[in-house]
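Residue numbers (the numbering used here): 21 to 343.
Laid out in structure tokens, this is it:
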């Protein structure tokens, strides 16, 4: 699992830990943040609750402020301006930026490379929840200068529920894990002397969940990750782009908003009518035609994958045209 996941995110496997959930992986990272390098944390409006709850608790504990960066009210250049707002908010007083790789509600794509560079220029930590895109959208943790990348396994990693993976950079090699599992010690394979050495295993292995061997789920996730490596996220994203091409002009012809191409992903994005609060009606219209989407905040979230076909998109186009 670690080798496959490392391949997907361009990391040495020694920096990969096995986690039961994104919240667990986030807590491992946040609990080991330095507390003397800034007076505030940064996240974005509508961030996934696990991310916000985790960093808010850390801020409360260490008397720091949590700055939430909101998108502009107008929809023109929304993604571009939102990204600019995040970048402009990072300064020498920033302790950490914590956010998803793309927004879980509408698929807005954040410029992780630019944000990572700005964080490093100001000695701020950068924690990314990659659950909504890792496995289907290319990512390089070193190019983006990410300190911790947390991924639940059940979404685009195609794995089972209750198992995920996390990347922790060199910074975390001397950190304190959430639990003291015997399996995370350097001598865990020596059953004759399990308590002889309290030293942690190398790299991120100290952050593994207890019972990380997971006899049923682990082989399932490993097989899924191997398949993703074979398919390649670059090719998966391109397939989704080509598949969705006919849909975009149909969406725009109905006066619906969709994020600009440069700031949206092809596998997951949101649509809404900026003039009317009718997302629920759009969602229900899809349901009547057995088109399964998600209602997230103000938007109807549409996603696709390799199992979707041109015929699926034709039905979606026809349904939107008839709204």
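Note that CB positions come from ideal geometry on N, CA and C, so glycine has one too.
Cα-Cα separation between residue i and residue j, rounded to whole angstroms
| i | j | result |
| --- | --- | --- |
| residue 47 | residue 341 | 45 Å |
| residue 268 | residue 332 | 14 Å |
| residue 126 | residue 218 | 46 Å |
| residue 163 | residue 309 | 43 Å |
| residue 55 | residue 85 | 12 Å |
| residue 266 | residue 343 | 17 Å |
| residue 236 | residue 115 | 39 Å |
| residue 278 | residue 79 | 34 Å |
| residue 101 | residue 52 | 32 Å |
| residue 220 | residue 205 | 4 Å |
| residue 196 | residue 35 | 15 Å |
| residue 182 | residue 240 | 12 Å |
| residue 93 | residue 316 | 18 Å |
| residue 334 | residue 270 | 10 Å |
| residue 33 | residue 295 | 49 Å |
| residue 69 | residue 301 | 26 Å |
| residue 359 | residue 311 | Residue 359 is absent from the structure shown; the chain starts at 21 and stops at 343. |
| residue 178 | residue 299 | 28 Å |
| residue 81 | residue 24 | 36 Å |
| residue 232 | residue 95 | 45 Å |
| residue 139 | residue 50 | 16 Å |
| residue 131 | residue 103 | 7 Å |
| residue 142 | residue 329 | 46 Å |
| residue 345 | residue 91 | Absent from the structure is residue 345, since the part of the chain shown begins at 21 and ends at 343. |
| residue 107 | residue 66 | 17 Å |
| residue 147 | residue 165 | 10 Å |
| residue 153 | residue 249 | 14 Å |
| residue 244 | residue 151 | 15 Å |
| residue 253 | residue 274 | 31 Å |
| residue 242 | residue 234 | 11 Å |
| residue 262 | residue 272 | 17 Å |
| residue 38 | residue 22 | 8 Å |
| residue 87 | residue 76 | 10 Å |
| residue 247 | residue 280 | 30 Å |
Residue i (DSSP reduced to helix, strand or coil)
| i | result |
| --- | --- |
| residue 87 | strand |
| residue 235 | coil |
| residue 24 | helix |
| residue 35 | helix |
| residue 184 | strand |
| residue 299 | helix |
| residue 170 | strand |
| residue 129 | strand |
| residue 336 | helix |
| residue 154 | strand |
| residue 227 | helix |
| residue 175 | coil |
| residue 18 | Limits of the chain in this structure are 21 at one end and 343 at the other, which puts residue 18 out of reach. |
| residue 140 | helix |
| residue 343 | coil |
| residue 292 | strand |
| residue 205 | strand |
Segment limits, alpha helix (DSSP H) that includes residue i
| i | result |
| --- | --- |
| residue 42 | 42-50 |
| residue 98 | 98-109 |
| residue 315 | Note, residue 315: premise wrong, no alpha helix (DSSP H); beta strand (DSSP E) at 314-316. |
| residue 348 | Given a span of 21 to 343 for the chain in the structure shown, any question on residue 348 remains unanswerable. |
Limits of the unbroken beta strand (DSSP E) element including residue i
| i | result |
| --- | --- |
| residue 146 | 145-149 |
| residue 320 | 319-323 |
| residue 63 | 60-64 |
| residue 114 | 114-120 |
Any non-hydrogen atom of the ligand GTP closer than 6 Å to residue i Cβ
| i | result |
| --- | --- |
| residue 308 | In the structure on display, the ligand GTP does not appear, and there are no ligands present to speak of. |
Let me know the beta strand (DSSP E) ranges lying completely inside the stretch 259-290, each 3 residues or longer, listed in chain order. No beta strand (DSSP E) of 3 residues or more sits fully in the stretch 259-290.
Spell out a yes or no on whether the stretch 162-173 and the stretch 37-55 are touching, meaning 3 or more CB-CB pairs, one atom from each, closer than 8 Å. Counting Cβ pairs under 8 Å, three or more are found: they touch.
Taking 8 Å as the threshold, find out whether the stretch 101-121 comes into contact with the stretch 28-36 through three or more Cβ pairs. Segments in contact, no.
Per the contact definition of three or more C-beta pairs closer than 8 Å, is the stretch 282-298 in contact with the stretch 308-327? Yes, since at least three Cβ pairs between the stretch 308-327 and the stretch 282-298 fall closer than 8 Å, the two stretches touch.
Touch test, the stretch 57-72 against the stretch 184-192, Cβ-Cβ under 8 Å, three pairs minimum: Under the three-pair Cβ rule at 8 Å, the stretch 57-72 does not count as touching the stretch 184-192.
Evaluate the contact criterion for the stretch 143-157 versus the stretch 119-134: three or more CB pairs, one atom per stretch, below 8 Å. Yes: at least three Cβ pairs fall under 8 Å.
Is it true that the stretch 194-205 meets the stretch 222-238, where meeting means three or more beta-carbon pairs spaced less than 8 Å apart? Yes, the stretch 194-205 is in contact with the stretch 222-238.
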